[in-house]
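If you read the protein sequences in the order shown, they are chains W and V. Okay, so the first sequence: first residue is 1 according to our numbering, each after it adds one. Okay, so the second sequence: first residue is 1 according to our numbering, each after it adds one. Some notes on the structure that comes next.
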Amino acid sequence: MSSFSPTRRQVLLSGALALVTGAARSHDGTVHVSIDKLVFSPAEVTVKPGATIEWTNNDAFVHTATVKGGWEVMIPPGKKATRIVQASDSVEYYCRFHPNMKGRIVVSPA
Amino acid sequence: MKPYLTAAVSAVSLLALASFSSAADKPTDPQIAHIAYTAGVIDIEAAKLALEKSKTKDVTEFAQEMLRDHEAVNVQALDLAKKLNVTPEDNDTSKALADAASAKRAELAKLDGAAFDKAYVDNEVAYHKQVNGALETVLIPSAENAELKGLLETGLKLFQGHQQHAEHVAAALK
Numbered sequence: 001m002s003s004f005s006p007t008r009r010q011v012l013l014s015g016a017l018a019l020v021t022g023a024a025r026s027h028d029g030t031v032h033v034s035i036d037k038l039v040f041s042p043a044e045v046t047v048k049p050g051a052t053i054e055w056t057n058n059d060a061f062v063h064t065a066t067v068k069g070g071w072e073v074m075i076p077p078g079k080k081a082t083r084i085v086q087a088s089d090s091v092e093y094y095c096r097f098h099p100n101m102k103g104r105i106v107v108s109p110a
Numbered sequence: 001m002k003p004y005l006t007a008a009v010s011a012v013s014l015l016a017l018a019s020f021s022s023a024a025d026k027p028t029d030p031q032i033a034h035i036a037y038t039a040g041v042i043d044i045e046a047a048k049l050a051l052e053k054s055k056t057k058d059v060t061e062f063a064q065e066m067l068r069d070h071e072a073v074n075v076q077a078l079d080l081a082k083k084l085n086v087t088p089e090d091n092d093t094s095k096a097l098a099d100a101a102s103a104k105r106a107e108l109a110k111l112d113g114a115a116f117d118k119a120y121v122d123n124e125v126a127y128h129k130q131v132n133g134a135l136e137t138v139l140i141p142s143a144e145n146a147e148l149k150g151l152l153e154t155g156l157k158l159f160q161g162h163q164q165h166a167e168h169v170a171a172a173l174k
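So, in C-alpha cells, the structure goes:
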C-alpha cells in the first residue's frame, strides 16, 4: 500500500478536521464558548443535535446569542447560559446589544 | 430636531478633539482617563432622559443598555485609575464634550413622542461615531499605559457595538 492510499489520506483528513472542529468540545457533550472583551471564542462551533452549547460571559456587560428571526439566549455578566442544540441550529448568531459580536453554529449529522 | 444645532454641536466637539492633533499636544493619561469617563457620563445622562421620556420598547431597552454598559465601563475606569494611582484631570476636551452634551440634552428635553425617539437615537448614532473616531485617532494612540490602552480598546469595541445597535433601532423607528 502506498503512503498516498485513500485510507491514509482519510485518516489524515479526519485528524485535521478533528483538530479544527473539536477544539471547543469537552468530554461531557457540552461545547464551551467563552465571551471575553466582546468576542465569542471560538467564533464557530460544530455540534451534534442534542449537545449543549454553554456560553460563559467573562465581561461586565450583558450579552445575548441571538438568531435573527429565531431564538435568543441571554447571558448576564459573569454568568453562564446554555442551549440544547436542535437539528435546525446551523445558524449565524450575534449579540443583540453589541451586533459587532458574531458567532456561528454548524450542526453535524447525529 | 434642529439639524444646524446638531451640526454645530458636533463641530464644537470635533474641534476640541482635533486640538490634540499635533504630537506635542497629545493628551496625557490622566486627561485621557477624564475624557473617556466624561464621554461615558454624557451617555448615561442621555439614557436617563430617554428612560424618563420614551415609551417605545426598542428605545427604552437601548437606553437601559447604555446606562448599564457605560456605568460598568466607568467603574472599570475608576478602578484602573485607582490601581495606577492616576487622578483623572479635567481638560478643554472634557469641558467641550460636557458643554455640547448639555446643549444637546436641553434640545432633546423639549421633544416628545416619536420626535424625541428619533432625535435621541439619531444623536446616539452620531455621538458613538464621534467618540469612536476620537478613541481610534487620538485617545488610544496617545495612551502611554498599556492597561489604560487595553481598557480603551475594549471600550472602542463596546461603543462600536452600541453604534450598530443604535443604527438598528434608528432603522426600526422609520
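Glycine included, each C-beta is placed from N, C-alpha and C at the ideal position.
Residue-chain proximity (residue i, chain V), Cβ-Cβ < 8 Å
| i | result |
| --- | --- |
| A81 of chain W | no |
| F113 of chain W | The structure shown does not extend to residue 113 of chain W, since chain W spans only 1 to 110, so no value can be given for it. |
| F114 of chain W | This structure leaves residue 114 of chain W out entirely; chain W is present only between 1 and 110. |
| M101 of chain W | yes |
| K37 of chain W | yes |
| E92 of chain W | no |
Exposed unless 16 or more other CB atoms sit within 10 angstroms - verdict on residue i
| i | result |
| --- | --- |
| I42 of chain V | buried |
| P88 of chain V | buried |
| D69 of chain V | buried |
| T82 of chain W | exposed |
| E65 of chain V | buried |
| K80 of chain W | exposed |
| P141 of chain V | exposed |
| A78 of chain V | According to the sequence provided, residue 78 of chain V is Leu. The question's Ala does not apply to it. Classification for L78 of chain V: exposed. |
| V47 of chain W | buried |
| A43 of chain W | exposed |
Option nearest residue i by Cα separation, candidates the options
| i | options | result |
| --- | --- | --- |
| A46 of chain V | V:A101, V:N74, V:V75 and V:T154 | V:A101 |
| P99 of chain W | V:L49, V:M66, V:A170 and V:Q164 | V:Q164 |
| Y93 of chain W | W:D36, W:H32 and W:F40 | W:F40 |
| T56 of chain W | W:G69, W:V47, W:H32 and W:A43 | W:H32 |
| P76 of chain W | W:S90, W:V91 and W:F97 | W:F97 |
| S71 of chain W | W:G50, W:V85, W:E44 and W:A43 | Correcting the residue type first, residue 71 of chain W is Trp in the shown sequence and not Ser. Comparing Cα-Cα distances from W71 of chain W to each of W:G50, W:V85, W:E44 and W:A43, the minimum goes to W:V85. |
| S108 of chain W | W:C95, W:M101 and W:S88 | W:S88 |
| S34 of chain W | W:G50, W:K48, W:G78 and W:V91 | W:G78 |
| L135 of chain V | V:K157, V:A170, V:A119 and V:H168 | V:K157 |
| A60 of chain W | V:E71, V:V59 and V:N132 | V:E71 |
Whole-angstrom C-beta distance between residue j and residue i, which should lie under 8 Å
| i | j | result |
| --- | --- | --- |
| K104 of chain V | N123 of chain V | 6 Å |
| A65 of chain W | G103 of chain W | 7 Å |
| F62 of chain V | A172 of chain V | Incorrect: roughly 10 Å between the Cβ atoms, too far for contact. |
| L151 of chain V | L80 of chain V | 6 Å |
Any chain W beta carbon closer than 8 Å to residue i
| i | result |
| --- | --- |
| N122 of chain V | The amino acid at residue 122 of chain V is misidentified as Asn; the sequence shows Asp. Judged by the 8 Å Cβ criterion, D122 of chain V is not in contact with chain W. |
| D43 of chain V | no |
| H168 of chain V | yes |
| K129 of chain V | no |
field: the segment 29 to 40 of chain V touching the segment 76 to 96 of chain V, judged by at least three CB pairs closer than 8 Å
entry: yes
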